[in-house]
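K.L.:
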Amino acid sequence: MHIPQSNCLREHVNNTDLVRDRWMLGGRWVEAHGGEVIAVENPATGAVIGYTPRCGSMEAEAAIEAALVALPLWRSETAERRAVILGRWQGLIRDSADDLARIITLEQGKPLAEAHEEVLSAASYFDWFAEEARRPKLKHTASPGLTFVRQRAIGVIAAITPWNFPSAMIARKAAPALAAGCTMVLKASEYTPFSAFALGALAERAGLPPGVLNILTGDADDIGQVFTGNPAVAKLSFTGSIRTGQLLLQQCAASLKPSVMELGGNAPFIVFADAHFDAAVDALIARKFRNGGQTCVSANRVFVHSSIYDLFAFQVIAKANSLSVGNGLDPEVKIGPTISRSAADRLQELVADAVDHGAKILAGGSRRAACFFDPTVLGNVKPSMRIATEEVFGPIALLLPFETESEVVSLANDTCSGLAGYAFTSSLQRAFRLSDDLDFGMIGINAHSLSSPAAPFGGMKASGLGREGGRCGLEEFLSTKTIAIE
Ligand code: ADP
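Read in our numbering, the sequence shown has 455 at position 459, and its numbers run on one by one without any break.
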């Protein structure tokens, strides 16, 4: 398919220069080989909003070459100089927040207010990492002779990002990698390419040198093979499903290419009888229904102490029923569409399977037009049901009663995922016990917000390797050398 000229995003933004439908290679915007493109749909309407380049192995190789050429200069720049450019970039992102948020909503579907928050969150990663990289943590030891440790940018980073946070997932990778002095090739999701290209356009305007960031979209398998197989790539940074993470890790194994993997979750949300009841209800609504439940840290399995189960269910049902579903551009809407018809098909299947096995629909349960799914609450859920063992990734809350702390800890830990977990209790002793006993990389105690530039973000078990965010998020992109001088 050749590139048609129409991209209706231009009608929705003030600054049409942000809308790019070519890919970013070494400071130029180019077509994929043969002008091949992929149609991008607005999941709320099913309308094609534009076309993104269908790149393959050839383009992936060219992107890596451009990043390799740009590496020596960018790596040897002072951290201050890099921080100035990243600072300008974050300023431009904030100034363009309205346009960037509209692009997110049009290609991904989330409510505009959430899209706006996401853009500001993305900007905050550039701020934080630019500052952090200015303060190298030099370590030395006196023996033998003078022994000290040097760290420097690891090299070219290949990044692969998903569609659920089209701006923030890119910022979480690009900000630390570029601040550390690495250069990057990025494959954005084909569902949400335009947010990535808009960030690229702003990076260019901020003065990021050509080749430091290269952004492409296209055939994921082919591009992934090149990213994992090309020896010029020093590290792979991936966010996505466990299944794709496993495949990419296998590909990396051939050359022992290191990787950071942010994979799926199956978060428990535990409400004890001594919890602040209203705060727990509100936190669940926020944590379950944000982005229509399409986040890796969404509350998946909600364990409620049997003594408060009925009342808790009653409150959650009432709040879930009050959330309006529709096009994210409508300010009243709290739940946008799922990313695709197949995602909504899967939710329908999961609910039908749960009902077949004895679950009861307490609220919602229906799919509306193509990609819309009502906020749903299921009772009588058993831990062995498919819906409780898989990551739901949709607006469906599963309620499961429990009796004792030890019982709920073992139920909560009984999953191959270990990304995020939440517990609500007013007992300080229990809070400390749970922070030891729950096998998750991030634990919210009376808290549902886990992600910030300063906090390490990542999982245990099959939820991934390494961390994004915080000092350790920067260290992922630095290599460490021990130097001994006699
Ligand atoms: P989801 O099911 O949530 O879309 P995926 O893991 O399939 O999660 O997708 C996350 C990112 O990984 C997307 O950018 C997607 O295009 C990319 N991806 C999917 N399959 C592969 C693959 N075989 N190699 C490289 N990237 C892939």
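All C-beta atoms, glycine included, are put in the ideal place defined by N, C-alpha and C.
Please tell me whether S191 and I45 are closer than 8 Å, where the distance is taken between their beta carbons.
P.N.:
Locating residue 191 in the sequence shown gives position 195, counting from the first residue. Locating residue 45 in the sequence shown gives position 49, counting from the first residue. No, the Cβ-Cβ distance between S191 and I45 is not below 8 Å.
K.L.:
Is it the case that the segment 380 to 387 contacts the segment 283 to 290, given that we only count it when at least three CB pairs across the two stretches are under 8 Å?
P.N.:
Taking 8 Å as the limit for Cβ pairs, the verdict is that the segment 380 to 387 does not touch the segment 283 to 290.
K.L.:
If you draw a straight line from the alpha carbon of N160 to that of G141, how long is it in whole angstroms?
P.N.:
Translated into the one-based positions of the sequence shown, residue 160 becomes position 164. Translated into the one-based positions of the sequence shown, residue 141 becomes position 145. If you take the alpha carbons of N160 and G141, they lie about 51 Å apart.
K.L.:
Hey, is E186 close to the ligand ADP, as in C-beta under 7 Å from one of its heavy atoms?
P.N.:
Residue 186 sits at position 190 when you count from the first residue of the sequence shown. It does: the Cβ of E186 is within 7 Å (strictly closer) of some heavy atom of the ligand ADP.
K.L.:
Taking the C-alpha atoms as reference points, what is the distance between M257 and L395?
P.N.:
Taking the first residue of the sequence shown as 1, we reach residue 257 at position 261. Taking the first residue of the sequence shown as 1, we reach residue 395 at position 399. Rounded to the nearest angstrom, the two C-alpha atoms are 30 Å apart.
K.L.:
Does the distance between the C-beta of P162 and the nearest non-hydrogen atom of the ligand ADP fall short of 7 Å?
P.N.:
In the sequence shown, the residue the question calls residue 162 occupies position 166. Because no heavy atom of the ligand ADP lies under 7 Å away, the Cβ of P162 does not count as near it: no.
K.L.:
Would you say the beta carbon of T240 is closer than 7 Å to some non-hydrogen atom of the ligand ADP?
P.N.:
The residue given as residue 240 occupies position 244 in the sequence shown. Yes.
K.L.:
What does the alpha-carbon distance come out to for the pair S318 and A276?
P.N.:
Along the sequence shown, one-based indexing puts residue 318 at 322. Along the sequence shown, one-based indexing puts residue 276 at 280. Each residue's Cα considered, the two are about 17 Å apart.
K.L.:
Just verifying my parser: in three-state terms, what is the DSSP assignment at I34?
P.N.:
On the sequence shown, position 38 is the one that residue 34 refers to. Note: I34 maps to strand in three-state DSSP.
K.L.:
Using only the alpha-carbon positions, how far apart do G437 and G31 sit?
P.N.:
To locate residue 437, count along the sequence shown from 1; it is residue 441. To locate residue 31, count along the sequence shown from 1; it is residue 35. So the two alpha carbons sit approximately 43 Å from each other.
K.L.:
Going by C-alpha distance, which of H8, F125, S402 and V222 is nearest C468?
P.N.:
Start at 1 with the first residue of the sequence shown, and residue 468 comes out as number 472. Measuring from the Cα of C468, the nearest candidate turns out to be F125.
K.L.:
When the Cα of R50 is compared with those of A176, V347, A175 and D218, which residue comes out closest?
P.N.:
Within the sequence shown, the letter at position 54 stands for residue 50. Here the closest residue by C-alpha is D218.
K.L.:
Considering just the uninterrupted stretch of the alpha helix (DSSP H) at K477, what are its terminal residues?
P.N.:
For this step, residue 477 is matched to residue 481 along the sequence shown. Premise fails: K477 lies in the beta strand (DSSP E), L474 to I481, not in any alpha helix (DSSP H).
K.L.:
If you draw a straight line from the alpha carbon of A250 to that of G225, how long is it in whole angstroms?
P.N.:
The residue labelled residue 250 in the question sits at position 254 within the sequence shown. The residue labelled residue 225 in the question sits at position 229 within the sequence shown. If I take the Cα positions, the gap works out to 8 Å.
K.L.:
Is it right to say R297 is buried, meaning 16 or more other beta carbons lie within 10 angstroms of its own, or is it exposed?
P.N.:
One-based indexing of the sequence shown puts residue 297 at position 301. R297 should be labelled buried.
K.L.:
Looking only at its own chain, which residues have a Cβ that is under 6 Å from the Cβ of A269, when we skip the five neighbours before and after it?
P.N.:
The residue labelled residue 269 in the question sits at position 273 within the sequence shown. H301, S303 and I304.
K.L.:
Quick check: does the Cβ of S120 come within less than 7 Å of any heavy atom belonging to the ligand ADP?
P.N.:
Your numbering for residue 120 matches position 124 in the sequence shown. Result no, Cβ not under 7 Å from the ligand ADP.
K.L.:
According to DSSP, is R301 part of a helix, a strand, or is it coil?
P.N.:
Along the sequence shown, read from residue 1 onward, the residue named residue 301 stands at position 305. Per the sequence presented here, residue 301 reads as His, with Arg not at that position. Strand at H301.
K.L.:
Counting only the same chain and skipping the five closest in sequence on each side, list residues whose C-beta sits under 6 Å from that of R71.
P.N.:
Here residue 71 is taken as the residue at index 75 of the sequence shown, counted from 1. The answer, listed in chain order, is A149 and G177.
K.L.:
Applying the 10 Å Cβ sphere with the 16-neighbour rule, what's the burial state of N10?
P.N.:
Taking the sequence shown and counting its residues from 1, the one referred to as residue 10 is at position 14. So N10 counts as exposed.
K.L.:
Measuring CB to CB, does A167 end up less than 8 Å from Y121?
P.N.:
Walking along the sequence shown from the start, residue 167 turns up at place 171. Walking along the sequence shown from the start, residue 121 turns up at place 125. The answer is yes: Cβ separation under 8 Å.
K.L.:
Using the Cα positions of K483 and H444, report the straight-line distance between them to the nearest angstrom.
P.N.:
Lying outside -3 to 482, the shown extent of the chain, residue 483 is not represented and no answer is given.
K.L.:
Who are the Cβ neighbours of N409 in its own chain at under 7 Å, not counting the five residues just before and after it?
P.N.:
For the purposes of this step, residue 409 is identified with residue 413 of the sequence shown, where counting begins at 1. Once the five neighbours on either side are set aside, the close Cβ partners of N409 are L434 and D435.
K.L.:
Would you call I156 buried or exposed, if buried means 16 or more other Cβ atoms sit within 10 Å of its Cβ?
P.N.:
Here residue 156 corresponds to residue number 160 of the sequence shown, with the count starting at 1. Per the 10 Å Cβ criterion, buried.
K.L.:
Spatial neighbours of E76 within its chain, please: CB distance less than 8 Å, with the 5 preceding and 5 following residues excluded, ordered by chain position.
P.N.:
As a working mapping, residue 76 is identified with position 80 in the sequence shown. Result list for E76: R130, in chain order.
K.L.:
Classify K330: buried if its beta carbon has 16 or more other beta carbons within 10 angstroms, exposed otherwise.
P.N.:
For the purposes of this step, residue 330 is taken as the residue at position 334 of the sequence shown. Classification for K330: buried.
K.L.:
Specify the secondary structure class of K284 as computed by DSSP and reduced to three states.
P.N.:
What you label residue 284 is simply residue 288 of the sequence shown in a count that begins at 1. Correct three-state label for K284: helix.
K.L.:
Does at least one heavy atom of the ligand ADP sit under 7 Å from the Cβ of K253?
P.N.:
By one-based count along the sequence shown, residue 253 stands at place 257. Outside the cutoff, so no.
K.L.:
Is P333 near the ligand ADP - that is, is its Cβ less than 7 Å away from at least one heavy atom of it?
P.N.:
The residue given as residue 333 occupies position 337 in the sequence shown. Not under cutoff, so the answer is no.
K.L.:
If you measure from the CB of T157, is any heavy atom of the ligand ADP nearer than 7 Å?
P.N.:
Numbered from its first residue, the sequence shown carries residue 157 at position 161. T157 Cβ: within cutoff of the ligand ADP.
K.L.:
Mind checking M381: buried by the 16 CB within 10 Å criterion, or exposed?
P.N.:
Here residue 381 corresponds to residue number 385 of the sequence shown, with the count starting at 1. M381 should be labelled buried.
K.L.:
Quickly, what does DSSP pair M20 with across the bridge? List them, please.
P.N.:
Counted from its first residue, the sequence shown places residue 20 at position 24. DSSP lists W25 and I211 as partners of M20.
K.L.:
Please report how far the alpha carbon of R363 lies from the alpha carbon of I281, in whole angstroms.
P.N.:
Your numbering for residue 363 matches position 367 in the sequence shown. Your numbering for residue 281 matches position 285 in the sequence shown. Taking the straight line joining both Cα atoms gives about 19 Å.
K.L.:
Quick one: Cα of D215 to Cα of E55, how far?
P.N.:
As a working note, residue 215 is residue 219 in the sequence shown. As a working note, residue 55 is residue 59 in the sequence shown. One C-alpha to the other measures close to 10 Å.
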